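Q: Questions regarding the structure given below will be posed in turn.
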Amino acid sequence: MSKLRICGGRRLEGSLTVQGAKNSVLPILAASLLAGRGTVIHNCPALSDVDAAVVILEHLGCAVSRAEDKIYVDPCRMSGCCIPDSLMREMRSSVFFLGPILARTGEAVLSMPGGCELGPRPIGFHLDALRAMGAEISEKGGNIVCKAPRLRGCRIDLPMPSVGATENAMLAATAADGVTTITNAAREPEIVDLQNYLSALGARVCGAGTPVITVTGGICRRFCEYTVMPDRIAAATFMACAASAGGDVTLENVRPGDLDAVSAVFSAMGCELSASGRSLRLKAPERLSAPGTVPTAPYPGFPTDAQPPVMAAALKAAGTTVFVENIFSNRYRHVPELLRMGAEITLEGRVAIVSGRDKLAGAAVEATDLRGGAALVAAAVGAEGVSEVSGIRHLDRGYEHIEDRLRQLGADIVRI
Ligand code: EPU
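The letter at position 285 of the sequence shown is residue 284 when you use numbering that gives the first Met the number 0, and the numbering goes up by one with no holes.
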């Protein structure tokens, strides 16, 4: 099993190009089922979650080919409506396929995604949204069976702004008769990206980025090419690495505005940030200062996905940082591993209190989830001595060649 071997303590200098967004490309690949005449998606990152989505598309009968960062999908011969358990288990996000399969075929059968490393990941909001559009949903032997020969436009009031439920509702609504209005919708930039992709396919969607999204059913399914937005969480992770190790790093292919909440925390830590067009430069101070309280919240608040890597940077900041995790119930699994590196963190339910130390020491640590793994890497580049990070299959789900990108900035990191 591979590991990352990191010899910490080197300043990071230079620039790197940030990958396309995982949380955008996955719903867009699911949406490609609606592209009657085929579609080419650009800026697709090389991630194991993207591989899993491609396998699902092929299983459903789509022709898929890949070249560099492009994925071509032709769903004309789509023949299936079931995703077997073995493929669902590969990736929780496969639940995004529910809406478009239903929209395309009138029936979808998926196994229950169940819990995951971040705690329970229920899909009740997704199912309620589909029911509101007229789908009949039952559970059979651990499978969810959704049937809707016709979907009808309606009003969907989400109990909370769930990213996945908003996306599933938008996808199914493209095939509904009439207008669907989604209120309390998630406002993440990835939702706007999905709207832009659906519009390029000929769907009539508006309001993404606000709490009210309107979809007028009846998609014209034209051929389209689309470029996936940059990954704001990968960008936040590299900012955390630069803050932790010290240095002066410029990230290319980012949209600085998507990172405002994250940038505000790094500024409060004493980092100098400057944005210009699609690049963002971060200069770390001699010693970071604790940024105070960092509560996670739906966009435009501070993203839960950035909490673990930013925590890694806060470990050496002078003073006390308080993280409040408001989105997931089990998103502190990196904490026991960070303690092995000499961090001082106290956990109280949803709150993690970090007391900044002068230094961290390299250690053997294990990633147990994607962003927790990113936190271990960010801590290791700033620690003295050698760290070995195992469990890197979690990192490969969401970061494209993370070791190459960090080596480009001067980090001493290899995959062994
Ligand atoms: N929730 C419910 N019922 C539902 C759906 C969600 O109670 O039916 C709850 C969840 O349990 C959670 C909260 O709502 O407490 C928010 O979950 P959301 O549905 O917004 O999350 P998601 O769609 O499952 C996406 C990202 C996550 C990211 C969250 C929050 C993708 C593929 N995943 O998940 O990304 O953390 O939104 O922003 O888009 C990651 O990239 O590491 C990652 C976990």
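Backbone N, C-alpha and C fix where the C-beta goes; we use that ideal spot for every residue, glycine too.
A quick note: this is a predicted structure, and the numbers were derived from the prediction, not measured.
Use the C-beta contact count for residue 315: other C-beta atoms within 10 angstroms, 16 or more gives buried, fewer gives exposed.
A: Burial call: buried.
Q: Got a sec: does ligand 1 put a non-hydrogen atom nearer than 6 Å to the Cβ of residue 252?
A: For ligand 1, not one heavy atom lies less than 6 Å from the Cβ of residue 252.
Q: Cα separation between residue 361 and residue 17?
A: Taking the straight line from one Cα to the other gives about 26 Å.
Q: Quick one: does the C-beta of residue 161 sit closer than 6 Å to a heavy atom of ligand 1?
A: Checking every heavy atom of ligand 1 against the Cβ of residue 161, one is found closer than 6 Å.
Q: Output needed for residue 400: all residues of its chain with C-beta closer than 8 Å, excluding positions within five of it in sequence on either side, in chain order.
A: Taken in chain order, the residues that qualify are 45.
Q: Is residue 95 helix, strand or coil when you go by DSSP?
A: Correct three-state label for residue 95: helix.
Q: For the beta strand (DSSP E) that residue 142 lies in, which residues bound it at each end?
A: 142-146 is the span of the beta strand (DSSP E), which, as asked, contains residue 142.
Q: So within the region 32-71, which uninterrupted alpha helix (DSSP H) runs reach at least 4 residues, ignoring any that extend past its ends?
A: The region 32-71 contains these whole alpha helix (DSSP H) runs: 47-58.
Q: Quick check on DSSP: helix, strand or coil for residue 156?
A: Reduced to three states, the DSSP call for residue 156 is strand.
Q: So, under 8 Å CB-CB, residue 313 and residue 290 are touching, yes? Tell me the CB distance rounded to an integer number of Å.
A: Right, the Cβ-Cβ distance comes to about 7 Å (below 8 Å), so this counts as a contact.
Q: Considering residue 26, what are the terminal residues of the alpha helix (DSSP H) in which it resides?
A: 21-30 is the extent of the alpha helix (DSSP H) around residue 26.
Q: Does ligand 1 have even one heavy atom less than 6 Å from the beta-carbon of residue 121?
A: Residue 121: yes, Cβ under 6 Å from ligand 1.
Q: My guess is that residue 80 and residue 107 are in contact by the Cβ rule of under 8 Å, so how many angstroms apart are they, rounded?
A: Their Cβ separation, rounded to whole angstroms, is 5 Å, which keeps residue 80 and residue 107 in contact under 8 Å.
Q: Check whether the Cβ of residue 369 sits closer than 6 Å to any heavy atom of ligand 1, and report yes or no.
A: It does: the Cβ of residue 369 is within 6 Å (strictly closer) of some heavy atom of ligand 1.
Q: Under a Cβ-count criterion, where at least 16 other Cβ atoms within 10 Å of its own Cβ denotes burial, should residue 248 be classed as buried or exposed?
A: With 16 or more other Cβ atoms within 10 Å, it is buried.
Q: Report all residues from its chain with a CB closer than 6 Å to the CB of residue 28; omit the five preceding and five following residues, and keep chain order.
A: If we look at residue 28 and ignore the five residues flanking it on each side, its Cβ neighbours are 52.
Q: Which runs of the alpha helix (DSSP H), 4 residues or longer, sit entirely within the region 322-353?
A: Qualifying alpha helix (DSSP H) stretches, in chain order: 334-339.
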